[in-house]
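J.:
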Amino acid sequence: MSLDRFDRFRDLLVHAPALGFWLDVSRIRFADGFFAQMDARIRDALRRMTELEAGATANPDEGRLVGHYWLRAPALAPKPEIRADVERTLERVLAFAADVHAAHIRPERSPRFRRLVVVGIGGSALGPQLAAAALGSPADRMIPHFFDNTDPDGFDRVLDAIGDDLGATLAVIVSKSGGTKETRNGMLALDAAYRRLGLTLGAHAVAVTGEGSELDKYAAANGFLARFPMWDWVGGRTSELSAVGLLPAALQGLDVRAMLAGAAAMDEVTRAPEPRQNPAAVLALAWYSATGGAGKKDMVVLPYKDRLELFSRYLQQLVMESLGKQHDLDGKEVFQGIAVYGNKGSTDQHAYVQQLRDGVDNFFTTFIEVLRDHAPGRRHEEVEPGVTAGDYLSGFLQGTRQALTDRGRESITVTIEEMGPRALGALIALYERAVGLYAWLVNVNAYHQPGVEAGKKAAQAVITLQGRVFQALSAQPGRAMTVQEIAKAAGESDPEPVFWILRRLVANPERGVVRDLPEPSEDGAIFDATYRLVKV
Ligand SMILES: O=P(O)(O)OC[C@H]1O[C@](O)(CO)[C@@H](O)[C@@H]1O
Numbered sequence: 001m002s003l004d005r006f007d008r009f010r011d012l013l014v015h016a017p018a019l020g021f022w023l024d025v026s027r028i029r030f031a032d033g034f035f036a037q038m039d040a041r042i043r044d045a046l047r048r049m050t051e052l053e054a055g056a057t058a059n060p061d062e063g064r065l066v067g068h069y070w071l072r073a074p075a076l077a078p079k080p081e082i083r084a085d086v087e088r089t090l091e092r093v094l095a096f097a098a099d100v101h102a103a104h105i106r107p108e109r110s111p112r113f114r115r116l117v118v119v120g121i122g123g124s125a126l127g128p129q130l131a132a133a134a135l136g137s138p139a140d141r142m143i144p145h146f147f148d149n150t151d152p153d154g155f156d157r158v159l160d161a162i163g164d165d166l167g168a169t170l171a172v173i174v175s176k177s178g179g180t181k182e183t184r185n186g187m188l189a190l191d192a193a194y195r196r197l198g199l200t201l202g203a204h205a206v207a208v209t210g211e212g213s214e215l216d217k218y219a220a221a222n223g224f225l226a227r228f229p230m231w232d233w234v235g236g237r238t239s240e241l242s243a244v245g246l247l248p249a250a251l252q253g254l255d256v257r258a259m260l261a262g263a264a265a266m267d268e269v270t271r272a273p274e275p276r277q278n279p280a281a282v283l284a285l286a287w288y289s290a291t292g293g294a295g296k297k298d299m300v301v302l303p304y305k306d307r308l309e310l311f312s313r314y315l316q317q318l319v320m321e322s323l324g325k326q327h328d329l330d331g332k333e334v335f336q337g338i339a340v341y342g343n344k345g346s347t348d349q350h351a352y353v354q355q356l357r358d359g360v361d362n363f364f365t366t367f368i369e370v371l372r373d374h375a376p377g378r379r380h381e382e383v384e385p386g387v388t389a390g391d392y393l394s395g396f397l398q399g400t401r402q403a404l405t406d407r408g409r410e411s412i413t414v415t416i417e418e419m420g421p422r423a424l425g426a427l428i429a430l431y432e433r434a435v436g437l438y439a440w441l442v443n444v445n446a447y448h449q450p451g452v453e454a455g456k457k458a459a460q461a462v463i464t465l466q467g468r469v470f471q472a473l474s475a476q477p478g479r480a481m482t483v484q485e486i487a488k489a490a491g492e493s494d495p496e497p498v499f500w501i502l503r504r505l506v507a508n509p510e511r512g513v514v515r516d517l518p519e520p521s522e523d524g525a526i527f528d529a530t531y532r533l534v535k536v
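My numbering numbers the first residue of the sequence shown as 1 and each following residue consecutively.
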């Protein structure tokens, strides 16, 4: 039995020695004949990927090219102007970072920039956050911070952490569309913070955005230190190796050329035409087998390396925004997707692994193993005679993998030699391509995200309604009105969103809305409450 299993392991293992990379899918229960059955489809997906890399229009909705592969191999770009753009932008990123480090570019009053705040969300934050956490060290040239939401308390927390160093902080505002509200709000929060110190945002800021976008215009009008392009042929969730990720990484002092080289090397390996020798194809096939090609199982991502804790969050967007689609490419309703979650092993062993082993079998796990325990020169302290903490980490990985197998729970293991910029670039490239291939296996468009717009529009409607609520209250100053009365005065037929707005405003007394509860106040009385506007 165990010999059979070892044979199967050997048979299925994909090893890329030049990359120090292994992919083990032997703990996926492929049905008999699975690879033969899928052969034509995966070859077709590989063919389409080749066309995509050669410049085919892969985003039928938007008629756009999809070319994140050219970011690390500009010579492959289908047009000379794209190649020139990529090469020039990399040089500009590196030169800008060098100038900042050398204090040739310096803040308004401080002698040099010591920190950076990346303001962005989704694909304009997750990659930079992943790289900062995965590769940061005490040798970093600048300390990175992030605004990745429109949470005022989140802004406060970051600004508190920066403290007196704000004058020595570079704001990197990242938005492909240049119109994302969370990002705009973060930028305005920073603007206000600089102004409180008598400083200007423009003298401390750079933008990464699409040419001609709202942000691009704002940056030009406000004298930003520099603007870097974001091209329409790079999707947000595959933008880590464009200026979006490279600029923050270069400023932090990370080796961006090594990140690019790792991605380029993985791209080479994952262009292999033979599916079984192509790690991205094998990964996509393993997902297909595990999920029935219909998202029946979730992907649990467990890197046994603290530095990769954000990898599952990064993959969450890459996988779920790419694959989570209502319709397939033929317009058929399919409700596709694969749910992704996870943090890190062994930590998660003490959180939800109980359910993975004993509970509902609705997932497959991806273990990520890093062979090198820590940086050369660090001591391998023993925690027991002849045993190190790293031995335990490794033991827990194998142990959990086996414990899951014993219960028939499927898993994949990705192994890398050591954690570094090259490996990170390679991991990103591997998953980018596996997602693209899988999308074709299930016939969905991986390169659009129509579903995101609905929530954004509805949010804007709430903001507009809030304005009408304020108007209704201020039209009759001092008058106490019920939720229903306010809704009516605001021209809103549904009192519920008005109730939500008022409840929140009341919890923030600075906004001037006061709630009066009828006496005696009891359960349910909240719906008889009245609201009025007071001067604050
Ligand atoms: O870079 P932008 O345009 O601000 O967009 C941020 C994120 O928002 C999304 O469009 C979805 O809301 C993502 O696809 C994207 O990464």
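Don't be surprised by glycine CBs; every beta carbon is placed ideally from N, CA and C. Given the structure is predicted, the values throughout are model-derived calculations rather than measurements.
(1) How long is the line joining the alpha carbons of E182 and G212, rounded to whole angstroms?
(2) Between D165 and R114, how many whole angstroms is the CB-CB distance? I'm expecting something under 8 Å.
(3) Going by C-alpha distance, which of T89, L116, E87, R109 is nearest H101?
(4) When you compare each of Y531, G63, Y304, T482 to I416 by their alpha carbons, which one comes out closest?
(5) Got a sec, what are the start and stop residues for the beta strand (DSSP E) F564 sits in?
(6) Identify which residue in A243, E384, W70, F6 has its Cα closest to the Cα of E91.
(7) Run through DSSP, which three-state label would R227 get?
(8) With C-beta atoms as the reference, is I412 less than 8 Å away from F364?
(9) CB V234 to CB L71, shorter than 8 Å?
(10) When the Cα atoms are used, what is the spatial distance from T530 to G478?
(11) In the DSSP assignment, what residue or residues form a beta bridge with H145?
(12) Report yes or no: do the segment 148-159 and the segment 207-224 share at least 3 C-beta pairs separated by less than 8 Å?
(13) In its own chain, which residues sit with a C-beta less than 6 Å from the C-beta of M266, not counting the 5 before and 5 after it?
(14) Taking 6 Å as the limit, tell me which residues put their C-beta closer than that to any heavy atom of ligand 1, in chain order.
(15) Quick one, which of Y438, I82, L465 has its alpha-carbon nearest G491's?
(16) Could you have a look at P509 and say whether DSSP puts it in helix, strand or coil?
(17) So the beta strand (DSSP E) I412 belongs to, where does it begin and stop?
(18) Report the residue from F311, V383, P128, T150 whose alpha carbon sits nearest the alpha carbon of I143.
(19) Just reading off the alpha helix (DSSP H) that I82 is part of, what are its end residues?
(20) Counting along the chain, where does the beta strand (DSSP E) carrying L533 start and finish?
(21) T50 to V86, Cα distance in whole Å?
(22) Whole angstroms is fine: what's the gap from L437's alpha carbon to L393's?
(23) Helix, strand or coil for M49 per DSSP?
T.: Reading it off the structure:
(1) 19 Å
(2) 6 Å
(3) L116
(4) Y304
(5) Absent from the structure is residue 564, since the part of the chain shown begins at 1 and ends at 536.
(6) A243
(7) strand
(8) yes
(9) yes
(10) 11 Å
(11) V117
(12) no
(13) A426, A429, L430
(14) I121, G122, G123, S124, S175, K176, S177, T180, T183, G236, R237, E321, Q449, V452
(15) L465
(16) helix
(17) 411-416
(18) P128
(19) 80-101
(20) 530-533
(21) 20 Å
(22) 32 Å
(23) helix
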